[in-house]
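Report on one structure; see the data block that follows.
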Amino acid sequence: MTTLPIILWAPPRSCSTAFERAIAENEKTTVFHEHFADCYYYGADRFHGTNKTTMDQVDKSLLVRDSTYERQANEMLAANGDGRERVAFTKELSIYYQESKMSPEMLRQFRHTFLIRSPTKVMKSFWRAAMENASDGSSTYFDASEAGFVEIEAIMQAVEGLDNQNIVIIDADDLMANPSAVLGKYCDEVGLEFDTCMLEWEAVMPESWKKWPGWHDDAARSTGFVRRSGGAGGKKKDDEIDSEEVTNAIKATQPIYDRMYARRIIV
186 MTTLPIILWA
196 PPRSCSTAFE
206 RAIAENEKTT
216 VFHEHFADCY
226 YYGADRFHGT
236 NKTTMDQVDK
246 SLLVRDSTYE
256 RQANEMLAAN
266 GDGRERVAFT
276 KELSIYYQES
286 KMSPEMLRQF
296 RHTFLIRSPT
306 KVMKSFWRAA
316 MENASDGSST
326 YFDASEAGFV
336 EIEAIMQAVE
346 GLDNQNIVII
356 DADDLMANPS
366 AVLGKYCDEV
376 GLEFDTCMLE
386 WEAVMPESWK
396 KWPGWHDDAA
406 RSTGFVRRSG
416 GAGGKKKDDE
426 IDSEEVTNAI
436 KATQPIYDRM
446 YARRIIV
């Protein structure tokens, strides 16, 4: 079993929350949810490039207001092992990566893995979720830069230079097509024991997901790795979305995805 806590870096709308839910079914893990979000948006380490529209929505979240990257990292490190042979695992959106706040020494203390998804699917799902959530005020904007494709490649390049890492990349389409094989291979790569119980779970909203109202509704309704494309209640499906902003975002991020896709786990 691995001795390092595991981070799964991913863009939003990439099936990463469902993946986190699967890992949580493994009794030998302690799971955190977007633990670096708190320090990315608040506290001394806050990312000051975030615009006012974004922060209006963040202010409605349940994030801790006074955290730092060091504090959040230490909480996960303390939970790793925990005297019960448990491995700490966290799913993090790639935009939370800040090179100036996450030194090589900090990065070296974690096992870094990556989940990618086609920019077409990420951007359209991201746009749909943002627009659907606008009705209850939990989100009113779409910001393509928050998809984090630039950041996920930057993280990969940063950890490649460390002497205790090897790159593990899984693709969301591969995962959805063959969850048992892909999840099993991922577990082999990171030193977790794969169990078939990780393929199914109860449809619940874990308390930690409530920090982002509205954004995890699809995952909370899920009971396994089932393809979804929105469209419930007469709303648009992802493949029906036609937006110039979305189209431009897809074109800009496709090369990054292609480079990482070429290095993905193949089963």
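Residue numbers (this note's numbering): 186 to 452. Cβ atoms here follow ideal geometry from the backbone N, Cα and C, with glycine treated the same way.
- Just so you know, the alpha carbons of residue 307 and residue 332 end up roughly 8 Å apart.
- Going by C-alpha positions, residue 206 is about 9 Å away from residue 216.
- With fewer than 16 other Cβ atoms inside 10 Å of its own Cβ, residue 373 counts as exposed.
- With the rule of 3 Cβ pairs closer than 8 Å, the region 331-346 does not count as touching the region 253-263.
- DSSP places residue 430 within a helical segment (H, G or I) once states are collapsed to three.
- A distance below 8 Å separates the beta carbons of residue 277 and residue 220.
- Closest in alpha carbon position to residue 390, among 378, 405, 189, is 405.
- Under the three-state reduction of DSSP, residue 452 is assigned to coil, being neither helix nor strand.
- Membership of residue 273 in the beta strand (DSSP E) is indicated by the continuous run 272-278.
- Using a Cβ distance threshold of 8 Å, residue 352 and residue 448 count as a contacting pair.
- Proximity to residue 433 across 383, 359, 309, 341 peaks at 309, based on C-alpha coordinates.
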